[in-house]
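Novice: The sequence shown maps to residues 1 to 259 in UniProt numbering.
Glycine included, each C-beta is placed from N, C-alpha and C at the ideal position.
It should be emphasised that the depicted structure is a prediction, and the values quoted were computed from it without experimental measurement.
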Amino acid sequence: MSVTHDEKVVREFSKQAAGFSDPRLNTAFTRHLDRLVRFMDPELDLEDVVLEVAAGTGIVSRAIARRVRHVTALDITPAMLAEGKRDADHAGLTNVTFAHGDATALPYLDRSFTLVVTRFSLHQVADPGAVVKEMARVSRPGAALIIADLVRPEGLAGDPDRIERLRDPSHGEALTEARITELVTGAGATVKRADRFDLGRPLDPWLEFSHTPPEAAARIRRELEDELAGGPATGMRPSMVDGALHFTHSYLFQQAIVG
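(1) Look at residue 138 and residue 106 and say whether their C-beta atoms are less than 7 Å apart.
(2) Just curious, the alpha helix (DSSP H) that residue 182 is in, first and last residue?
(3) Please check the pair residue 119 and residue 36, which I expect to be a contact at CB under 8 Å, by giving their CB distance rounded to whole angstroms.
(4) What is the DSSP secondary structure of residue 150, counted as helix, strand or coil?
(5) Can you give the Cα-Cα distance for residue 26 and residue 140, rounded to whole angstroms?
(6) Within the same chain, show all residues whose beta-carbon is closer than 6 Å to that of residue 196, passing over the 5 residues directly before and after it, in chain order.
(7) DSSP three-state label for residue 52, please.
(8) According to DSSP, is residue 200 helix, strand or coil?
(9) Would you please state the rounded distance, in angstroms, between the beta carbons of residue 145 and residue 135? I believe it to be under 8 Å.
(10) In the DSSP assignment, find the beta strand (DSSP E) that holds residue 75 and state where it starts and stops.
(11) Which runs of the alpha helix (DSSP H) at least 4 residues long sit entirely within the region 74 to 130? Give them in chain order.
(12) From what residue to what residue does the beta strand (DSSP E) around residue 40 run?
(13) Measuring alpha carbon to alpha carbon, tell me which residue in 117, 249 and 150 is nearest residue 63.
(14) I need the DSSP call for residue 62, collapsed to helix, strand or coil.
See below:
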């Protein structure tokens, strides 16, 4: 029986929900959260009504909750929402709503929010263009639209998406910054600023976090080690750090204003 991409996302992220706030396993989500909040800082206002799209456990929503009037964290995976709500309740956050929904068909009226953000979702969804269009649709004129995502550097050798899918079958495609900009401008927003950076990550916690099956994990490790020995490029830019195998991700924070 065939499985839809959304069903793959729910399956994989249900397994990962409990580890999302664990800095040992989920370096990408936890290590640079403060950097994203600082990037968002000029847009945050105590009167803001915020939507976080494909929010997972609502890590961003919870980080900015005390800086805005209200924030809605929407995601397609119930286990993620349940984990996030437990954390929000534990932190005493009363202005965060966790909502189940599809990022490509947001259940909100046009012009509902003054700030819309998504983090690490465009590379995961089957139709990133539809997500960006929906984000722009529910934004009020002049609202900030913020995308934080894994990106593929221009001219990168190898096929990192193939490795990403071995690790997590729900991975879609890491877009280039130019492609994300194209989607944002096509949705009627104007890009104003961006922050770009690379992050070296240890391989083992990354594989552990996604519960990658042993055979697939061994294959990924072997291909990265082969590249270090002069073999074919994987697109993962491997390195050895203190005797541990690492790889490199590139990230983009992009802020735009909706027309």
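Specialist: With the structure as the only source:
(1) yes
(2) 177 to 186
(3) 7 Å
(4) strand
(5) Any answer about residue 26 is weak, because its pLDDT of 47 lies below 50 and its placement is not dependable; what the coordinates show is given next. Roughly 33 Å separates the two Cα atoms.
(6) 252
(7) strand
(8) strand
(9) 6 Å
(10) 70 to 75
(11) 78 to 90
(12) Run containing residue 40: none in the beta strand (DSSP E); it sits in the alpha helix (DSSP H), 33 to 40.
(13) 117
(14) helix
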